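So the sequence lines, in the order shown, correspond to chains A and B.
Per my numbering, the very first residue in the first sequence carries number 1458; after that it's consecutive.
Per my numbering, the very first residue in the second sequence carries number 1458; after that it's consecutive.
We put the beta carbon where it would ideally sit given N, CA and C, even for glycine.
Since the structure is predicted, the reported quantities are computational estimates derived from the model, not experimental observations.
Number of protein chains: 2
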Amino acid sequence: MHMKSVTEPPARERILLTAHDLFYRDGIRATGVDRIIADSGVTKVTFYRHYPSKNDLIRAFLEYRHQRWLIWFKDALERHGKDVHALVPTLAEWFESDDFRGCAFINTVGELANDLPEVVDIACRHKEDMIAAISDLLPASVGVEELSRTLALAIDGAIVRAQYDSTPANALRAVALIIAALIP
Amino acid sequence: MHMKSVTEPPARERILLTAHDLFYRDGIRATGVDRIIADSGVTKVTFYRHYPSKNDLIRAFLEYRHQRWLIWFKDALERHGKDVHALVPTLAEWFESDDFRGCAFINTVGELANDLPEVVDIACRHKEDMIAAISDLLPASVGVEELSRTLALAIDGAIVRAQYDSTPANALRAVALIIAALIP
DNA sequence: TAGCATGTAGACAGAATTGTCTACATGGAG
DNA sequence: CTCCATGTAGACAATTCTGTCTACATGCTA
């Protein structure tokens, strides 16, 4: 048959993108590999050749999510002026998007930390890179490290708040208040 | 046989306590009812007579967790002086406990929100009561509502941070900084 | 005393889980 | 030309999951 069009991404990538959407939207344990296989339109053999176990796919998902999210985050911060006041509109953009479902790393740690401890390390690296991106918004000075860690913590709080509030308004206002209070 | 000692709690309560520990520690989807049945030492018929479906047990777990956590939280705040400076030592007490696994409501929303939307409502009610407990630490004035919401958001951030850091030090320092910056 | 809630023991059903297996096709690289 | 990575189709195995079923025991209360 070989009906593979030129625009169609190869199987490995289709699996990863499908897994990303399902894992992020429905959770990891709630998503069976059969579903990923069906939705990505590959066969079981193809799937297991690329990802010998579901855990391998989970790791690949987190790695991919990390890169994708960070690229978006840095780009949004630049678009909004690349200083500390870019944070709130950047978060607003994310929280208001239709497929917003919180932070994939916070969710995954909550779901799998006991079973697959390495997700904690992956989440830590993710947050470190997020903190570094926040640092880049601040003028270099003593205390910038601690300040960006504190801002990142407030942002994590805003992410989970936006996840169970019906609108992101409260989350955004709170994080704006914290930023205003912390920045002299 | 009927070897029921007077101190042994009735089956319904044993099931709930066992479910609480397993759900909170390992996650909800990771915990099968068979495991809860075995650990609580009841039979399947007894289990399903009290909780006709796993979802019923999940609801009961969240309800119980809410009450238990809030009682502890208010008590700890009183023990630490019942003003805004009681927050950090109260959180320290929690974060340093051996079985700390983050906020059961944040974790459950991340895991189940798509499948069981009512957990979002339960989590919102929980957070509202948490916010009310924080309000009680502050002198009544205009803006106390918004201030406690903001503090609660910072606390949520600290909870998830403490969940993937190996020590709660960074989480506690950040929340202390935010409190200091917000309180005049 | 009769009814009822609560309890026990464990087999069973039906679906979903992850993962393996055989058998075959195709296209590019050495 | 031959090897090999990549792909297809779908049966199969082994386990785990939630939930149901029969049959029986006990203790409280109307």
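- Closest in alpha carbon position to B:R1471, among B:A1487, B:F1552, B:H1507, is B:H1507.
- Contact annotation: in the stretch 1480-1497 of chain A, residues whose CB is within less than 8 Å of a CB in chain B are R1482, D1483, G1484, R1486, A1487.
- Under a criterion of Cβ atoms nearer than 7 Å, the residues of chain A adjacent to B:T1607 are, in order, A1631, L1634, I1635.
- Neighbours of A:R1522 across chain B, judged by C-beta separation under 9 Å, do not exist; the nearest C-beta is about 14 Å away.
- Contact with chain B is absent for A:E1575, since none of that chain's Cβ atoms lies less than 8 Å from the residue's Cβ.
- Residue B:N1564 holds the alpha-carbon nearest to the alpha-carbon of A:G1484 among B:N1564, B:E1575, B:A1589.
- For A:N1627, the enclosing alpha helix (DSSP H) begins and ends at 1626-1639.
- Following the DSSP letters along the chain, one finds A:H1523 inside the alpha helix (DSSP H) bounded by residues 1511-1536.
- In this structure, B:I1494 is the residue among B:I1494, B:R1522, B:Y1521 with its C-alpha nearest to the C-alpha of B:S1510.
- For the options B:G1614, B:W1551, B:S1554, B:L1569, the alpha carbon positioned closest to that of B:R1516 is the one of B:L1569.
- For the stretch 1469-1513 of chain A, the full-length alpha helix (DSSP H) segments reaching 4 residues or more read 1490-1497, 1501-1507 along the chain.
- Contact annotation: in the stretch 1617-1631 of chain A, residues whose CB is within less than 8 Å of a CB in chain B are V1617, R1618, Q1620, Y1621, D1622, N1627, A1628, R1630, A1631.
- Using a Cβ-Cβ cut-off of 7 Å, B:D1540 is close to nothing in chain A; its nearest Cβ partner there is about 19 Å away.
- Straight through space, the alpha carbons of B:D1555 and B:C1581 are spaced by roughly 26 Å.
- Burial is judged here by how many other beta carbons sit within 10 angstroms of a residue's own beta carbon; A:K1501 has fewer than 16 and is exposed.
- Note that the C-beta distance between B:A1549 and A:G1614 is not below 8 Å.
- Taking CB atoms only, B:I1563 has a neighbour in chain A less than 8 Å away.
- Listed along chain B is no residue with a C-beta nearer than 8 Å to that of A:N1512; the closest approach is about 14 Å.
- Per DSSP, B:N1571 lies in no alpha helix (DSSP H) and is assigned neither H nor E.
- The beta carbon of A:I1635 sits closer than 7 Å to those of A1611, all from its chain and outside the five residues before and after it, given in chain order.
- Beyond the five residues adjoining it in sequence on each side, B:A1609 comes within less than 8 Å, by CB distance, of K1584, M1587, I1588, I1591 in the same chain, given in chain order.
- Taken atom to atom, the span from the alpha-carbon of B:R1482 to that of A:L1573 is near 13 Å.
- Apart from sequence neighbours up to five positions away, no residue of its chain approaches B:Y1621 with a beta-carbon distance below 7 Å.
- Look at B:L1548 here: in three-state DSSP terms it is helix.
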